[in-house]
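Printed below as a string of structure tokens:
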């Protein structure tokens, strides 16, 4: 049989391959949950041979007829029936495919459609053809219309169309890319990198860092079938915002080439097994197991390789310092970074300046300058800058601060383009729970320093409470008094109208700070997941010098701790979190990639570079949280949810910390390791890590150190989650099925891997009991050294008293930060019913 040829339906003659028949027979048996022995299979094939041995010309239909006869003669009637039905299905698929191809004579499309039918056996190309014919206008590119038609067929009953549309879009992008490469005379990946580098679209450090042979070897790591992992929405976003385009907006990079370019960048300084690390970094990205932060995905491999998402600055209480901080924000915004700015040290309105009372304009005036900077520095017109401004709940300007974005009050005191956040000490929430009608005191930080000789914001916990009471009792310190109930009313009113202020529970953050020996944490970043030591920069002197015959002014500055964090996320929906070995593989690879980012980064500010090199802070987070719960058939509102994530996040924490420790053994510890909670063991005792594996790791770290001062932080991942078709960060889905406007068209979207099995595990965000969300946050927080970008979701049935209870529950559960409160038109006047 092996030397025979068979004529396919398209007229092509190919060698007869009996293994394909064997596979078809096995599938027919398997469909009935039955096995066939090798002996019985051989018997069927022998009978088939007898039926075709004298046939001079073989064709597909004849062979399949004889297979059916052989099965029935051997008594396998049910199997033969399955085989016949299978042939009928294939015939229908072939007809549908051919009818669609008659409308669209595009080279390579037939193979792509055949691949789709094999992946999705129930796919109806007839429906796709009908949709296409009903919407065709004659003016739109036909393949683009076919892609859109597939996307529009997506529904909660047929969610696979979103994947089908993604695969068709991948095919279209490959055609466009091939056309562009041919026009430029590019025939290899190495030639492409040469061209992109010459055009200033690729960083020259890639070709300088790798030999041509290494680039060519790396190209063979690519698996283009990974393109099939994208949904339509994810690939469309990737194509428009992340892939490299020419200055004429022509795509010059495939998704897999993008991932490989990022991997080449991340492995650039690896000294041993560098190409192996290129492959590991590529694989974790291409398989959608890990996403790097948006700046890393966008800028790695490019000339301006600013790879970090988050920056935090402490604004000093001086004119030079304030303007320097605003300039810092402008520089960060210019390169696409978000910022958190702590203004708790800036004196309040009416405070003293050089001994003159009532001279200070307060923090609101400076926030308006920050607001205007955010609007002005708009990243070449792409998007305006983004900044969160933090103020302590005891700061004298807090009442005005709470009206920055609300609809009432003086417009001259508004700043609608910043995101306000409040830093809460434990004492505030204790008093809320004790008696909401008691007084709360606002004071000026500069006034306190002049009178008491200390900065109140530089302490936390019991020390802060003792000093706060001292200040209240000191009549020399000017105070502004308001009932806690009224303060809470202002806070809740702002939350209802604007979704802000964000919440920063400063005592919980600082108690858990593994580097409290080296500083204090005043606030978080724009998205509230970063919690690292902070301190303000200080301009110490300006001197006049002569250099090369020119007079220059040299400024000396003490840099302070200017926080920058490098982020990546484990895609929990795409990882088997129950497979410890696989989870460890992905986690350790991601930690190594993040540590490499620190040394490969382009820093918009020298201060940020100094801080990053001192602490080597990273933030490994997660996305696809709700996706993970649904895949594991776990209801959000259940004790099973809480128990499950306690185990999963402890495993992730253990693997992340151990990966950083292993890197320390290889590369050395961060410079401030000695005296840290990592070194003295307090980190583990505080979290009650008492199992054998934790005790061993604790001892190992005391001997071998930690590479990174901070290791975990959970970012929102809104855009990168769309890229890989999973749920955003820790958020529940808004809806199982929804419509999204794209390019003037409403396109349907579904929850990830929506099916009959997962449908009821995707409860929408606004209908979920937020008590479970807060409790889950507290459980996860035990395992996370920094914080979590965590949203509250409430409906118009919520009363203000219920919202207050959520904030106090967050305090009780050890939550460190709250990002937005996503609400629907609450009644601000309902605050009169607020109670503890």
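Numbering (our numbering), first residue to last: 15 to 850. Where a beta carbon is used, it is the ideal one built from N, C-alpha and C, also for glycine.
Take residue i and list the residues in its own chain whose beta-carbon comes closer than 8 Å to its own, dropping the five residues that flank it on each side.
| i | result |
| --- | --- |
| residue 441 | 478, 479 and 482 |
| residue 834 | 513, 514, 516, 805 and 806 |
| residue 708 | 668 and 698 |
| residue 201 | 195 |
| residue 832 | 516, 517, 542, 804, 805, 806, 821 and 824 |
| residue 221 | 207, 208, 211 and 229 |
| residue 335 | 329, 550, 551, 552 and 553 |
Just to confirm my understanding: we take residue i, look at its own chain, exclude 5 residues before and 5 after, and list those with CB closer than 6 Å. What are they?
| i | result |
| --- | --- |
| residue 797 | 663, 664 and 667 |
| residue 579 | 324, 544, 631 and 633 |
| residue 223 | 282 |
| residue 846 | Caution is warranted here: a pLDDT of 38 is assigned to residue 846, below 50, making its placement in the model unreliable, and no coordinate value can be reported. |
| residue 486 | 455 |
| residue 115 | 124 |
| residue 260 | 266 |
| residue 165 | 179, 246 and 761 |
Does DSSP classify residue i as helix, strand or coil?
| i | result |
| --- | --- |
| residue 807 | strand |
| residue 415 | helix |
| residue 257 | coil |
| residue 572 | strand |
| residue 427 | helix |
| residue 29 | strand |
| residue 272 | helix |
| residue 701 | coil |
| residue 47 | coil |
| residue 734 | helix |
| residue 244 | coil |
| residue 581 | strand |
| residue 231 | helix |
| residue 173 | coil |
| residue 692 | helix |
| residue 657 | helix |
| residue 236 | coil |
| residue 102 | helix |
| residue 822 | helix |
| residue 600 | helix |
| residue 652 | coil |
| residue 155 | coil |
| residue 836 | strand |
| residue 34 | helix |
Sorted by chain position, which residues of the same chain lie with C-beta nearer than 7 Å to residue i's C-beta, five sequence neighbours on each side aside?
| i | result |
| --- | --- |
| residue 283 | 610, 613 and 614 |
| residue 43 | 49, 50 and 93 |
| residue 298 | 304, 600, 603 and 604 |
| residue 241 | 184, 269 and 270 |
| residue 567 | 556 and 558 |
Taking only the alpha-carbon atoms, compute the straight-line gap between residue i and residue j and give it to the nearest angstrom.
| i | j | result |
| --- | --- | --- |
| residue 149 | residue 177 | 20 Å |
| residue 117 | residue 111 | 10 Å |
| residue 515 | residue 820 | 15 Å |
| residue 547 | residue 728 | 18 Å |
| residue 675 | residue 693 | 11 Å |
| residue 532 | residue 686 | 7 Å |
| residue 606 | residue 678 | 11 Å |
| residue 413 | residue 425 | 15 Å |
| residue 19 | residue 88 | 26 Å |
| residue 119 | residue 319 | 42 Å |
Tell me the DSSP bridge mates of residue i?
| i | result |
| --- | --- |
| residue 438 | 519 |
| residue 133 | Bridge partners of residue 133: none, in fact. |
| residue 827 | Bridge partners of residue 827: none, in fact. |
| residue 72 | 20 |
| residue 707 | Residue 707 pairs with nothing; no bridge assigned. |
| residue 755 | 760 |
| residue 325 | 353 and 578 |
| residue 635 | 583 |
| residue 454 | 496 |
| residue 669 | Answer by DSSP bridge pairing: none, since residue 669 is not bridged. |
Just to check my reading of the structure: residue i and residue j have Cβ atoms closer than 8 Å, yes? What is that Cβ distance to the nearest angstrom?
| i | j | result |
| --- | --- | --- |
| residue 314 | residue 296 | The Cβ separation is near 12 Å, so there is no contact. |
| residue 141 | residue 167 | 6 Å |
| residue 354 | residue 326 | 4 Å |
| residue 529 | residue 322 | Wrong, their Cβ atoms sit about 19 Å apart, outside the cutoff. |
| residue 639 | residue 741 | 6 Å |
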